[in-house]
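One point on numbering: in the working numbering, the residue at position 28 of the sequence shown is 850, and numbering is uninterrupted.
Glycine included, every Cβ here is placed at the ideal spot set by N, Cα and C.
Since the structure comes first, as structure tokens, the remarks are kept for the end.
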Amino acid sequence: PLPLASLPETITEPLEAWMAEAGVAPRWIASERRFLARVRSTFAAELAAVPPYLDAYGDRRLLRFLRMDPLVDEDRAVAKVGAYLAWRREAKADEMRALVPERGDDPRRWPHGELLLECIRLLQCSPRYFDKAGNAVTVYQAFHWPARALRRHVGGLSTKQLVEFATFGAEYNAVQMERISVARERVLLEHARLADREEYTPLRTEGWGEITRLCAITDMKGCTFASIMMPQLVPAVVQAVSLFVNHYPYIVGGLHVINCNPYVAKIFKKALQTVVPTHVAAQVQIHLSPDELFASVAPDHLPEQIGGRAPCEHLAPPPPPPDPADPKTPDDRDTPSGPLDATPTKGLDDHGPEARSPDAPHRAHHSDHCLAALQPDLPDPPTTPPAPPPRRGKSAPAALDQHNDDLPAPDAGASAPAVAANLGRPK
């Protein structure tokens, strides 16, 4: 069914009288009902003061904290709910949530979205497309532009501003998933209400409640090492992942990474394992071919831009960068071809004033642990040109076997081609 046009203004969903008469079982299993009762008793004062947002304070949102824990530890889940409620007050998340009905459907109206949507594309919590497990398809495409153009375009945004954009997206997704969940339940309940009471049995077993999740697809096409090492991107990703794990748990039912260069994929997976719990990292699937997604998502539910047959206007490619005449540089290579010519951290502090923001020291402080994971073990660049390989064969002149240290030093004012030519010429 299509999502509800709007959510009911309440944070509780009691069983209606006819549901009890029809023998409809409780929406949640006994242990989850006990958890919900404990949370609403423990935080009664806090919940009495919040807006009636079902997606933020309803049963489904609270149960996500319990279901996220692989050990289903009730004490730990209750503590996490307390931290979540405190975070929403401190971050003024409800003020952002209040803007979702008006701005949510258009990411250009999200915080800093007008600038970001010039170069990235998003399909957020689709109401029409779902994977085979019923998770709503979500697609992220951030690397349409070359790394240099991308850095130049978003370099003025701080880490905090990028996280604000991600947070608004999470609030929008929460609303969408709640609308989908409630719509699915109402279809079941309508069948139960109209069906013959003696023959109808599907809702006579407790735990039939719906909690929709996301099938998140990250399209890495166009991504290079230079793309992911943007100064503010790494700490923004670290903070956003921490935000999702702690305050938006049990949101993703499957995370798929496609069109990813194996070199970047290895770094991405290693970095992810340092900032998310093991059971969350285990959900990540890196596909070498988009066709592998068909095992999880039917072609009719996969956008045509990533290999499916579903039309999707949200993923129409953006226009090219404003200055497409810029020559490509080694930083913009589509595929790394062997060891890089510089250390992996080059560019973190050397992109000029336009790429820096006031919280640059703060970003470095909070992302050191992730940067260490992102940096592959590469050999140090040589300080002197290597010796030319000896020419094989008995007829080779003996002079060609001499090393570079026997060669005359190039002139100080010689050009790079001249130096290169001198280094290859026998003494």
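Where A1132 falls: helix, strand or coil (DSSP): If DSSP states are grouped into helix, strand and coil, A1132 belongs with the strands.
Which of helix, strand or coil DSSP assigns to A871: Of the three classes helix, strand and coil, the one that applies to A871 here is coil, per DSSP.
Delimiting residues of the beta strand (DSSP E) encompassing T989: Where T989 is concerned, there is no enclosing beta strand (DSSP E), although the alpha helix (DSSP H) it sits in stretches over T981 to L1016.
As assigned by DSSP and simplified to three states, the class of D1041: Note: D1041 maps to strand in three-state DSSP.
Closest by C-alpha distance to R855, when choosing among D928, H1069 and G1031: Just measuring C-alpha positions, the residue of D928, H1069 and G1031 sitting nearest R855 is G1031.
Whole-Å CB distance - S1049 paired with F965, under 8 Å assumed: Contact holds; Cβ gap of about 5 Å.
Inter-residue spacing [alpha-carbon to alpha-carbon] between L1011 and N957: Each residue's alpha carbon lies about 21 Å from the other.
Range covered by the beta strand (DSSP E) that runs through I1108: Run containing I1108: V1106 to I1108, per the beta strand (DSSP E) assignment.
Of the residues R1006, N995 and R943, the one placed nearest R930, counting alpha carbons only: From the listed residues R1006, N995 and R943, the smallest Cα separation to R930 is found for R943.
Identity of the residues DSSP links to V962 by a beta bridge: With the sequence shown as reference, residue 962 is identified as Tyr, and Val is not the correct amino acid for it. Within the DSSP secondary-structure output, Y962 pairs in a beta bridge with L944 and T1040.
Nearest candidate by alpha-carbon position, reference A871, set L907, E924, P1084 and V900: Taking the Cα of A871 as reference, the smallest distance to any Cα among L907, E924, P1084 and V900 is reached at L907.
Extent of the continuous alpha helix (DSSP H) run through G904: Per DSSP, G904 belongs to the alpha helix (DSSP H) from E896 to A913.
Rounded straight-line distance, which links the Cα of T832 to that of L1094: Each residue's alpha carbon lies about 37 Å from the other.
Coil, strand or helix - I1080 by DSSP: Strand, per DSSP.
Cα-Cα separation, L837 to A847: Their backbone Cα atoms lie some 9 Å apart in a straight line.
Whole-number beta carbon distance between M890 and T989, since they are thought to touch under 8 Å: Wrong, their Cβ atoms sit about 18 Å apart, outside the cutoff.
The stretch 891–900 / the stretch 949–963 touching (three or more Cβ pairs under 8 Å): With the cut-off at 8 Å, the stretch 891–900 and the stretch 949–963 do not touch.
Through-space distance from Q1054 to S980, alpha-carbon basis: S980 and Q1054 have their alpha carbons spaced roughly 6 Å apart.
Proximity below 7 Å, CB of P1140 to CB of A1132: For P1140 and A1132, no; Cβs fall outside 7 Å.
Backbone CA spacing between M1052 and P1112 [nearest angstrom]: Rounded to the nearest angstrom, the gap between the Cα atoms of M1052 and P1112 is 26 Å.
Best match in P923, K1043 and I1002 for proximity to A1087 [C-alpha to C-alpha]: Nearest of P923, K1043 and I1002 to A1087, Cα basis: K1043.
Where F865 falls: helix, strand or coil (DSSP): It is coil, neither helix nor strand.
Beta-carbon proximity check, R1035 vs G1075, cutoff 7 Å: Yes. Within cutoff.
Where L935 falls: helix, strand or coil (DSSP): At residue 935 the sequence reads Gly, which differs from the Leu that was named. It is helical.
Status (buried if at least 16 other CB within 10 Å, exposed otherwise) for P823: Classification of P823: exposed, given that the 10 Å Cβ count is below 16.
Reference V903; option with closest CA among Y962, L869 and R1026: It is L869 whose Cα lies nearest to the Cα of V903.
Anticipated Cβ contact below 8 Å, V985 with Q1061, distance rounded: Here V985 really is in contact with Q1061; their C-beta atoms are around 5 Å apart, less than 8 Å.
Cα-Cα separation, D1122 to Y1085: Looking at the two C-alpha atoms, the distance is approximately 31 Å.
Sub-7 Å separation of E993 and L876 beta-carbons: Remark: C-beta atoms of E993 and L876 do not approach each other more closely than 7 Å.
Three-state secondary structure (DSSP) of P1057: Helix.
Continuous alpha helix (DSSP H) stretch holding W850: start and end: DSSP places W850 in no alpha helix (DSSP H); its state is neither H nor E.
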